[in-house]
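Residue numbers (mature numbering (1 follows the signal peptide of the UniProt record, and there is no 0)): -25 to -1, 1 to 358.
Below: one structure, written as structure tokens.
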């Protein structure tokens, strides 16, 4: 179910597709034509027909002629004939960006090279482009993310996911004040999450999962007031969960599972009334579960299992009227299961095994008939 929450912004792609369309009558500059052809010479494509349109005017074969790249595969231009968009996503292109002449494209605002076989480093010269959209995801890019990325101050979408990038996340990314999506997941990134990410006032989605990030989650993560999606799972993060998460009133997904986080669950998490997925499992969280989590009345999924949580289950959990999947196994919870659980009419999965719980009175009097299978799971889990 957690994977279903990871929906990466189809709306933004549609918006950009509408904004930048090809102009058949436009003619590209000589510099842009030459730059594309030079890069093409270094590329291979599994589909040999993909880049066959990238060629000079066959009548005279000269790049000084009125050769137009605006009808070439994946290329779109402005009304003046300058290249504004390059989209080679899922084209089987194999090569590097080492020979790509970034300064030759003064009007290139959209660059999508995702889902190819591109490798090597991300050149720092990419910062010379006036990019609004940059997607290099699902390739084989390696090395560090160049700090010059911070110079792309118009950037709204940055996707480097599923590559072989390593090193730390540059603090300069915090300069991208227009950024709404930052997706760096499934790489080999290490080191701390830079506190400068708190400067990203327009950030809506933060995807840093499946890396080797370490250190504490910076308190500044609670600054971007538009933040809706936070995925920091499957890293090596330590320290407490910042209470500043409670400032993110628009947050719908908060995934911190599979880390080494410690301390208590902040009471402030209960302020996030719009949450639909909250997953803190497989950490070292301790102390009691805050009753304030019972305020999350829109929450279908709550995973707290495999921690060191103690004390009793808050009776306020009976207010979780939207809860479908509630998992708290492998903790140190004690006492009886609240009778208020009988109010959870949407509950389909309840896992409480490997705790110190005693008895389950709701099984007798409070759960309706349609919870029969659910009750069986609970009895087996604590019996």
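Glycine residues also receive a C-beta, built at the ideal position from the N, C-alpha and C atoms.
Just so you know, these numbers come straight off a predicted model, no measurement behind them.
Nearest residue (CA-CA) to residue i, options the options
i	options	result
residue 26	54, 57, 166 and 62	62
residue 56	31, 82 and 69	82
residue 71	78, 171, 95 and 48	95
residue 110	294, 4, 158 and 67	158
residue 155	200, 219 and 247	200
residue 277	10, 241 and 297	297
residue 85	129, 75 and 140	129
residue 202	185, 220, 127 and 314	220
residue 240	253, 44 and 228	253
residue 92	116, 308 and 179	116
Where residue i sits in the DSSP three-state scheme
i	result
residue 209	coil
residue 318	helix
residue 259	strand
residue 225	coil
residue 5	helix
residue 20	strand
residue 244	helix
residue 218	helix
residue 292	helix
residue 237	strand
residue 151	coil
residue 164	strand
residue 172	helix
residue 31	coil
residue 39	Because the pLDDT of residue 39 is 42, which lies under 50, any placement of that residue in the model is unreliable, and the number read from its coordinates should be weighed accordingly. In the structure shown, residue 39 sits in coil (DSSP, three-state: anything other than H, G, I, E or B).
Per-residue burial, residue i [other beta carbons within 10 Å of its own, 16 or more giving buried]
i	result
residue 137	buried
residue 79	buried
residue 59	buried
residue 176	exposed
residue 54	exposed
residue 41	The pLDDT assigned to residue 41 is 44, lower than 50, so where the model puts this residue is not dependable, and the model offers no usable value.
residue 238	exposed
residue 272	exposed
Beta-carbon spacing of residue i, residue j below 8 Å
i	j	result
residue 295	residue 260	no
residue 50	residue 18	no
residue 132	residue 108	yes
residue 123	residue 99	yes
residue 243	residue 218	yes
residue 193	residue 224	no
residue 266	residue 300	no
residue 165	residue 142	yes
residue 270	residue 306	no
residue 226	residue 210	no
residue 101	residue 120	no
residue 88	residue 106	no
Counterpart residues of residue i in DSSP-defined beta bridges
i	result
residue 331	309
residue 115	94
residue 80	For residue 80, which the question treats as bridged, DSSP gives no partner whatsoever.
residue 278	254 and 302
residue 52	58
residue 70	93
residue 158	134 and 182
residue 297	Beta-bridge pairing links residue 297 to no other residue.
residue 187	165
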